[in-house]
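**Q** For reference, the structure I am asking about is given below.
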Amino acid sequence: MTTVDFGAWARGLTLTLGSVTYTVPEPSVADMRQVLALAVRAEVGRDNVPAEILEILENLPDDGHPALGTAYDELVRDGVGSHTLDRMGVYATLFWARGREYADSVAEKVWGPEREAAAAQAKDAARPKARRTGRQPTGQPSASESPTTSTSTASRSTRSTARSRAKPSK
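Shown next, in the form of structure tokens:
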């Protein structure tokens, strides 16, 4: 009798979030039925789901995600946010139903622009702020800072500025 190690052909999904890696087991046959129902809803939209698929979706468990399996509990235990957890569930659903290439493609289309906008915003935040005056310092004193002479010039000074320049007499 010949023995075949089927491990080389078994599919697996590894999701990395920050420095933590989650291993998502392949769904069981029963869970795969739910995963495929979720994939159909993702493809056709909530309003166009056939009745037999709706019946499967209405019986989804409240505590977990069929596409994430035991990794769901690990994600919750590690405090992963609900938004990220939902995205991981969608990705895993598409991965198991249609394959990695399709899941990557959808993720890039849906979440890629958001990632790019966040990167652009971070880049803008890292730029040094412009000076309010819009002028570059020259190292030379400005006209109001330069010493005055006793000769009268045709300047735009007012009486109050002329008085402030004169030294008070004692």
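Take the sequence shown: its position 14, counted from the start at 1, is 14 in full-length UniProt numbering, and no numbers get skipped. A virtual CB, placed ideally from N, CA and C, is assigned to each residue, including glycine.
Which runs of the alpha helix (DSSP H) spanning at least 4 residues fall entirely within the UniProt domain "DUF7426" (9–139), listed in chain order?
**A** Complete alpha helix (DSSP H) runs here, min 4: 29–44, 51–58, 71–77, 82–98, 100–126.
**Q** Within 10 Å of its beta-carbon, does residue 13 have 16 or more other beta-carbons around it, so buried, or fewer, so exposed?
**A** So residue 13 counts as buried.
**Q** Applying the criterion that 16 or more other CB atoms from any shown protein chain within 10 Å of the CB defines a buried residue, is residue 20 buried or exposed?
**A** Looking at its Cβ environment, which holds fewer than 16 other Cβ atoms inside 10 Å, residue 20 is exposed.
**Q** Is it buried or exposed for residue 69, if we count other Cβ within 10 angstroms and need 16 for buried?
**A** So residue 69 ends up on the buried side.
**Q** Since residue 49 and residue 92 are thought to touch, with beta carbons under 8 Å apart, how far apart are those beta carbons, to the nearest angstrom?
**A** Going by Cβ atoms, the distance from residue 49 to residue 92 rounds to 19 Å, so no, they are not a contact pair.
**Q** So, using beta-carbon positions, are residue 101 and residue 22 closer together than 8 Å?
**A** Not closer than 8 Å, so no.
**Q** Taking Cβ to Cβ, would you say residue 97 is nearer than 8 Å to residue 36?
**A** A contact, by the Cβ cut-off of 8 Å.
**Q** May I have the straight-line CA-CA distance separating residue 110 from residue 29, to the nearest angstrom?
**A** Distance between the alpha carbons of residue 110 and residue 29: 29 Å.
**Q** Measuring only the C-alpha atoms, how far is residue 45 from residue 90?
**A** The alpha-carbon atoms of residue 45 and residue 90 are separated by roughly 14 Å.
**Q** Does residue 1 come out as helix, strand or coil in the three-state DSSP assignment?
**A** Residue state, collapsed to three classes: coil.
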